[in-house]
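Colleague: The working numbering numbers the first residue of the sequence shown as 193 and each following residue consecutively. We treat Cβ as the ideally placed atom computed from N, Cα and C, and that holds for glycine. Model, not experiment: these values are computed from the prediction.
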Amino acid sequence: MKTLDTITITEKGQAQFPASWRKLAGLIHGGPCDVRMIDDGRRSLIITPRIQKRRGAVGLLKHLESFTTPFPAVERHAMPSK
193 MKTLDTITIT EKGQAQFPAS WRKLAGLIHG GPCDVRMIDD GRRSLIITPR IQKRRGAVGL
253 LKHLESFTTP FPAVERHAMP SK
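(1) CB residue 207 to CB residue 199, shorter than 8 Å?
(2) Mind checking whether residue 242 and residue 223 have CB atoms under 8 Å apart?
(3) Can the beta-carbon of residue 227 be found less than 8 Å from the beta-carbon of residue 237?
(4) Per DSSP, residue 228 is paired with what?
(5) What residues are listed by DSSP as bridge partners for residue 211?
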């Protein structure tokens, strides 16, 4: 199990989260998060980054059309339950 990271909350309530988590969550330059309290007797919080709208697969169709050879045909087979 990974060792736990520690955060420090300032007097104004600001916190600095571990860089590895911020990079993974797409918050390396900051961004909004949802915070929920858990009634576990330890006053725990669940912090979930808000997912930014994605741009989609920009350029994917153009990339796939650039292939000169077609994909090989897939061999079909009957499922054992049929």
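Modeller: Concretely, from the data shown:
(1) In contact: residue 207 and residue 199 (Cβ atoms closer than 8 Å).
(2) It is a contact, given that the beta carbons lie within the stated cut-off.
(3) In this structure, residue 237 lies closer than 8 Å to residue 227 by Cβ.
(4) In DSSP, residue 228 forms a bridge with 238.
(5) Paired residues: none, contrary to the question.
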